[in-house]
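Working notes for the structure below.
There are 2 protein chains.
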Amino acid sequence: MQIITLAQIKDILPALDLMPAIEAGFVAYSAGQAVVPPVGELLLDKGEVHIKYGFLHDEPYYVIKIASGFYGNPQLGLPSSNGLMLLFSQRTGELVSILLDEGMLTDTRTAVAGAIAAKYLAPKRVRRIGIVGTGIQARLQLQHLKGVTACRDVLVWGRGDAQLSRYRQDMGPLGFTIGTTQDTAEIMDSCNLIVTTTPAESPLLEVAGLQRGTHITAVGSDAPHKQELDAAILGRADLVVADSISQCLERGEIYQAIEAREIREADLVELGDVIGGKAKGREDEEQISVADLTGVAVQDMQIASSVYKESTING
Amino acid sequence: MQIITLAQIKDILPALDLMPAIEAGFVAYSAGQAVVPPVGELLLDKGEVHIKYGFLHDEPYYVIKIASGFYGNPQLGLPSSNGLMLLFSQRTGELVSILLDEGMLTDTRTAVAGAIAAKYLAPKRVRRIGIVGTGIQARLQLQHLKGVTACRDVLVWGRGDAQLSRYRQDMGPLGFTIGTTQDTAEIMDSCNLIVTTTPAESPLLEVAGLQRGTHITAVGSDAPHKQELDAAILGRADLVVADSISQCLERGEIYQAIEAREIREADLVELGDVIGGKAKGREDEEQISVADLTGVAVQDMQIASSVYKESTING
Numbered sequence: 124m125q126i127i128t129l130a131q132i133k134d135i136l137p138a139l140d141l142m143p144a145i146e147a148g149f150v151a152y153s154a155g156q157a158v159v160p161p162v163g164e165l166l167l168d169k170g171e172v173h174i175k176y177g178f179l180h181d182e183p184y185y186v187i188k189i190a191s192g193f194y195g196n197p198q199l200g201l202p203s204s205n206g207l208m209l210l211f212s213q214r215t216g217e218l219v220s221i222l223l224d225e226g227m228l229t230d231t232r233t234a235v236a237g238a239i240a241a242k243y244l245a246p247k248r249v250r251r252i253g254i255v256g257t258g259i260q261a262r263l264q265l266q267h268l269k270g271v272t273a274c275r276d277v278l279v280w281g282r283g284d285a286q287l288s289r290y291r292q293d294m295g296p297l298g299f300t301i302g303t304t305q306d307t308a309e310i311m312d313s314c315n316l317i318v319t320t321t322p323a324e325s326p327l328l329e330v331a332g333l334q335r336g337t338h339i340t341a342v343g344s345d346a347p348h349k350q351e352l353d354a355a356i357l358g359r360a361d362l363v364v365a366d367s368i369s370q371c372l373e374r375g376e377i378y379q380a381i382e383a384r385e386i387r388e389a390d391l392v393e394l395g396d397v398i399g400g401k402a403k404g405r406e407d408e409e410q411i412s413v414a415d416l417t418g419v420a421v422q423d424m425q426i427a428s429s430v431y432k433e434s435t436i437n438g
Numbered sequence: 124m125q126i127i128t129l130a131q132i133k134d135i136l137p138a139l140d141l142m143p144a145i146e147a148g149f150v151a152y153s154a155g156q157a158v159v160p161p162v163g164e165l166l167l168d169k170g171e172v173h174i175k176y177g178f179l180h181d182e183p184y185y186v187i188k189i190a191s192g193f194y195g196n197p198q199l200g201l202p203s204s205n206g207l208m209l210l211f212s213q214r215t216g217e218l219v220s221i222l223l224d225e226g227m228l229t230d231t232r233t234a235v236a237g238a239i240a241a242k243y244l245a246p247k248r249v250r251r252i253g254i255v256g257t258g259i260q261a262r263l264q265l266q267h268l269k270g271v272t273a274c275r276d277v278l279v280w281g282r283g284d285a286q287l288s289r290y291r292q293d294m295g296p297l298g299f300t301i302g303t304t305q306d307t308a309e310i311m312d313s314c315n316l317i318v319t320t321t322p323a324e325s326p327l328l329e330v331a332g333l334q335r336g337t338h339i340t341a342v343g344s345d346a347p348h349k350q351e352l353d354a355a356i357l358g359r360a361d362l363v364v365a366d367s368i369s370q371c372l373e374r375g376e377i378y379q380a381i382e383a384r385e386i387r388e389a390d391l392v393e394l395g396d397v398i399g400g401k402a403k404g405r406e407d408e409e410q411i412s413v414a415d416l417t418g419v420a421v422q423d424m425q426i427a428s429s430v431y432k433e434s435t436i437n438g
């Protein structure tokens, strides 16, 4: 059994080409080749814990991922996200590896999924990238978009000047031109590739400002009570893509939009089917598309086994 | 974060008085002071995995336990059970300890629960102990019964001579007089404290031989398709005790007996309520009682925190 520390994971990650692995995971998932039971959830006084687990029939491992969010942690000088991943043998049940990633692999696979959504769903000509939120996911999403769009012009929305200027200071040197705003209407007005990354519990983006030719990826909402998008945005969209339809019926923007009767289950398309060519993605530059990413265990499986395999090559 | 190895756990366990901790866990659970979500389950080609997790409001930790059974493992020279436990802070979500117990703590807390069931439910005068099965749990249950009954006369049932004689050789030196049989009717005939420990999928004990004044603890069945007891045994019992009523409605002997319309949910009593005095246990030497132990996350929480606390004292 091999323990892989956060420091080792940080060394390994840049060497990995994660997009093909995670795309393959989504395709296998949508083709029914993955076993992914419902997400386990533990709600505590100060935080929440999600347990995601499953396996692909053709792979040697099954993966159990524990990820937590304790939103008071920053006041204690600790990151709000935490977690680890466990790899076990499908043949014997033996523990193969513990990846002490402290949530980094979850953050990374979420950002990679955002890049995949943009690759298949964003308009070809991205005018300006809109990022809603200033936290770790707001940073990683933008970094991972570098590989799928040439656009480097960014408008970021945040709740305070301090967070916004820190975001600009940190992300500007990575090659982006960063504008800031505290009004999401400005994002809707000037950006045609928008990523929302907050734990908001009421909509931040209103349908009023929605432009033709916009793609929005929502990654913040991973629980039934969270919502970043006005449900009417999904109702207005030509294309609503779920990372997992079954999961999005229970949590996330799609859950909210179905509750609000803006969309029906039959309207949904799964990301793996778009990637695999079984379902249509964006058909022209004028369509409005929304991708709702609640996070699927196949992403965890793919990133965990990629890191583990790389570590055994170098170990 | 502290990693506790199997070797360290083996050193620590004998120093622990686990019965009070696990009894307290059952009492808290039945009093509604524990948060224990439904068991997560992963069914693979060669085995099955259960994820049990939860917390007690008054404790500093929450616990996630992963336990697997891969029944072809012995042919590969590996134990069939495996697993680990994880302790996290309820305050911050930080990983506090990884207990690499390889299933030993699950085996132990199950045996302790069997001893607790016998303490509260077995007749005062145990004539002979009947053990159904010859595996690890058949051994641990008997060892843990030492503290709750003076009886040392044992009849063990198994499927083969080799297993039975190994059981006798191993358990005799621990102070027991071990008889063996390949006919469960002999167990029913001569034993009034019976523990069933197999992964059987059809009943091993038939109602025909059921005697007055018998207590049976069933620990083998932890999944809907498993069954060790004729459902009519539960129908005939004066007292049917569940470790967790909600869990036993979905898996185990009680699930089977309700499906067979031998008992109703209203007939059930929870072990923690018997321990805590809120429900009646055995009232006389003539009653027939059955305890169905499917394994509850509070047991895992209690044994994991007991081991962790002891390790920090000695560490």
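Just so you know, the protein sequences line up as chains A and B, in that order.
Per the working numbering, the very first residue in the first sequence carries number 124; after that it's consecutive.
Per the working numbering, the very first residue in the second sequence carries number 124; after that it's consecutive.
Ideal Cβ placement from N, Cα and C applies to all residues, glycine included.
Suppose you measure from the CA of asparagine 205 of chain B to the CA of aspartate 224 of chain B; what does that come to, to the nearest Å? 8 Å
Does DSSP put tyrosine 176 of chain A in a helix, in a strand, or in coil? strand
Chain A beta carbons: is any one of them nearer than 8 Å to that of glycine 216 of chain B? yes
Compute the Euclidean distance between the alpha carbons of glycine 200 of chain B and alanine 341 of chain A, then round it to the nearest angstrom. 48 Å
Does asparagine 205 of chain B come within less than 8 Å of chain A when only Cβ atoms are used? yes
Nearest-angstrom Cα separation, counted from aspartate 396 of chain A out to lysine 269 of chain B: 59 Å
Valine 421 of chain A to phenylalanine 149 of chain A span [Cα, whole Å]: Approximately 7 Å between the Cα atoms of the pair.
Does the segment 177-188 of chain A come close enough to the segment 151-163 of chain A to have 3 or more Cβ pairs within less than 8 Å? yes
Cβ separation of aspartate 366 of chain A and leucine 391 of chain A, assumed to be a contact under 8 Å, to the nearest whole Å: Rounded, the Cβ-Cβ distance is 11 Å, inconsistent with contact.
By the 10 Å Cβ neighbour count, where 16 or more other Cβ atoms means buried, how is aspartate 230 of chain A classified, buried or exposed? buried
Within chain E, the residues that isoleucine 174 of chain A reaches when beta carbons sit closer than 8 Å: Given the protein chain composition of this structure (A and B), no chain E is represented.
Which residue from B:Ala261, B:Cys371, B:Tyr243, B:Ser313 puts its Cα closest to that of alanine 402 of chain B? With distances taken between Cα atoms, alanine 402 of chain B lies closest to B:Tyr243.
Whether cysteine 314 of chain B touches glycine 256 of chain B by CB criterion (8 Å): No.
Using 8 Å as the threshold, is the C-beta distance between glycine 332 of chain B and aspartate 312 of chain B below it? Yes, the Cβ-Cβ distance between glycine 332 of chain B and aspartate 312 of chain B is below 8 Å.
Beta carbon of leucine 357 of chain A nearer than 8 Å to that of valine 413 of chain A: yes
Listed by chain order, chain B residues near glutamine 213 of chain A by CB distance under 8 Å: Leu167, Asp168, Lys169
Three-state secondary structure assigned by DSSP to alanine 383 of chain A: coil
The segment 261-276 of chain A contacting the segment 296-307 of chain A, beta-carbon criterion three pairs below 8 Å: yes
Spatial neighbours of glutamate 388 of chain B in its chain, beta-carbon cut-off 8 Å, leaving aside the 5 residues before and after: Ile368, Leu372, Ile381
For methionine 142 of chain A, which option in A:Thr233, A:Ile132, A:Ser220, A:Ser203 has the closest C-alpha, if you only look at C-alpha atoms? When the alpha-carbon of methionine 142 of chain A is set against those of A:Thr233, A:Ile132, A:Ser220, A:Ser203, the nearest one is in A:Thr233.
Residue-level contact to chain A via CB, isoleucine 221 of chain B, 8 Å cutoff: It does: the Cβ of isoleucine 221 of chain B has a partner Cβ on chain A nearer than 8 Å.
Please state the DSSP three-state secondary structure of glutamine 286 of chain B. helix
Given this structure, state the Cα-to-Cα distance separating isoleucine 127 of chain A from isoleucine 174 of chain A, to the nearest angstrom. 19 Å
Using a Cβ cut-off of 8 Å (strictly closer), state whether phenylalanine 149 of chain A contacts chain B. Output row for phenylalanine 149 of chain A: interface = no.
Euclidean distance between Cα positions of tyrosine 290 of chain B and isoleucine 426 of chain B: 26 Å
Leucine 391 of chain B, DSSP secondary structure in three states: strand
Nearest CA to the CA of isoleucine 259 of chain B: which residue from B:Tyr194, B:Gln379, B:Phe211? B:Tyr194
Closest Cβ-Cβ distance between leucine 129 of chain B and chain A: below 8 Å? no
Taking 8 Å as the cut-off, decide whether the C-beta atoms of aspartate 415 of chain A and isoleucine 386 of chain A are in contact. no
Taking the C-alpha atoms as reference points, what is the distance between arginine 262 of chain B and leucine 316 of chain B? 15 Å
For serine 191 of chain B, which residues in chain A fall below 8 Å Cβ to Cβ? Phe211, Gly216
Nearest-angstrom Cα separation, counted from arginine 250 of chain B out to valine 318 of chain B: 14 Å
Anything in the segment 402-421 of chain B with a Cβ closer than 7 Å to a Cβ of chain A? List those residues in chain order, please. none
Step through the CB atoms of chain A and report whether any lies within less than 8 Å of the CB of proline 160 of chain B. Yes, proline 160 of chain B counts as interfacial toward chain A.
Quick one: give me the first and last residue of the beta strand (DSSP E) that phenylalanine 149 of chain B is part of. Counting along the chain, phenylalanine 149 of chain B falls outside any beta strand (DSSP E), though it belongs to the alpha helix (DSSP H) covering 141-153.
Are the C-beta of leucine 199 of chain A and some C-beta of chain B separated by less than 8 Å? yes
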